[in-house]
Structure formats: C-alpha cells, structure tokens
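Residue numbers (this note's numbering): 16 to 168.
Here is the structure:
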C-alpha cells in the first residue's frame with residue numbers, strides 16, 4: 016500500500032503535465048499527427064524499441080527528434096489505431112527532470128483485400144522527462160512490447 020503524502024501545488028502541476036504529455040503521445044499517434052508527436056520530444060531525444068521485451072538487444076534505436084518521423088509514419092499502414100493509456104507512474108521528480116513508467120494497450124486495425132485484422136500490442140514505456148521553458152518533454156523513451164495478439168475480424 017502506498018503512502019499518501021502532501022505535495023506542493025508546483026509538484027502537482029508537474030505531475031499532471033507529465034501525464035498529459037504521455038496522453039498527448041497516444042492522441043497524436045491515433046490522429047496520425049507525426050509532427051505533433053515529434054514535438055513532444057527533445058531535439059536530442061533517445062528512443063529505443065524492444066519488439067520483444069525479454070530481449071536485451073533493441074530492435075531499433077534512434078537518437079534525434081527528426082529520426083522519429085519514419086517510426087510514427089509507419090502507423091499509416093493501419094486504417095485506424097486506438098491507444099488506451101493505462102497506469103502511469105512518476106518514479107522520480109526533481110526540479111526539471113523526472114522518470115516514469117507507462118502502460119498502453121495499442122489496437123491496430125488493418126484491412127487487406129477486404130479482410131479486417133486487429134493487432135493488439137501490450138506496451139510498456141520507461142521514460143525520462145525534462146522540463147524546458149516550462150514544458151515537459153520526453154528526453155528518452157524506451158518502448159517494450161510485452162506481447163502481441165492478432166485477430167481476424
């Protein structure tokens with residue numbers, strides 16, 4: 016059971032802003048707003064994808080905001096996506112830096128030759144955040160795919 020402690024209004028605002036950042040990432044993905052999604056990251060961001068969360072070797076590793084464009088554009092192969100953001104936890108918050116973890120169920124609808132398929136991915140993110148000019152951004156995002164399920168509809 017966690018302890019509830021009193022936090023300052025500034026810390027509460029920072030925690031809310033970080034949660035809104037996490038939700039904005041999912042919102043931009045579902046709206047195919049790659050530019051908006053990229054704007055949520057620092058210029059020198061570090062983005063790492065582990066398609067198999069149990070594999071220590073990443074599937075993909077990127078080192079700048081601009082390098083994210085093809086990753087986010089890859090969602091265009093789906094007719095629709097819906098990302099449900101689950102729990103997000105701020106692990107550390109000190110000044111203008113924070114770390115956290117977030118869970119997401121990502122639903123991806125594809126239609127090929129009139130056949131509809133749904134791919135659901137259980138995602139876990141390990142994040143580092145930085146506050147620049149009053150706005151929280153991702154400075155590092157590690158994406159772990161815990162499992163994938165594919166269904167014919």
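All C-beta atoms in this analysis are idealised placements derived from N, C-alpha and C, irrespective of residue type, glycine included.
- About 19 Å separates the CB atoms of residue 160 and residue 82; that is not less than 8 Å, and the two are not in contact.
- Between the alpha carbons of residue 101 and residue 37 lies a gap of roughly 10 Å.
- In the same chain as residue 126, and ignoring 5 residues on each side of it, the C-beta atoms closer than 8 Å to its own belong to 94, 132, in chain order.
- Residue 87 is not a Cβ neighbour of residue 156, given a cutoff of 8 Å.
- When beta bridges are read from the DSSP output, residue 60 appears opposite no residue.
- Taken through DSSP and simplified to helix, strand or coil, residue 20 comes out as coil.
- DSSP, read as helix, strand or coil, puts residue 50 in helix.
- Between residue 121 and residue 142, the C-beta spacing is not below 8 Å.
- In terms of Cα proximity to residue 108, the closest of 20, 21, 29, 17 is 29.
- The C-beta separation of residue 106 from residue 115 comes to about 6 Å, placing the pair in contact by the 8 Å criterion.
- For residue 160, the enclosing beta strand (DSSP E) starts and ends at 150-167.
- Buried is the label assigned to residue 138, since at least 16 other Cβ atoms lie within 10 Å of its Cβ.
- Around the C-beta of residue 66, fewer than 16 other C-beta atoms lie within 10 Å, and the residue is accordingly described as exposed.
- Counting only the Cα atoms, residue 154 lies some 7 Å from residue 59.
- Counted as a single uninterrupted DSSP element, the beta strand (DSSP E) harbouring residue 100 occupies residues 95-109.
- When the Cα atoms are used, residue 167 and residue 55 turn out to be separated by approximately 34 Å.
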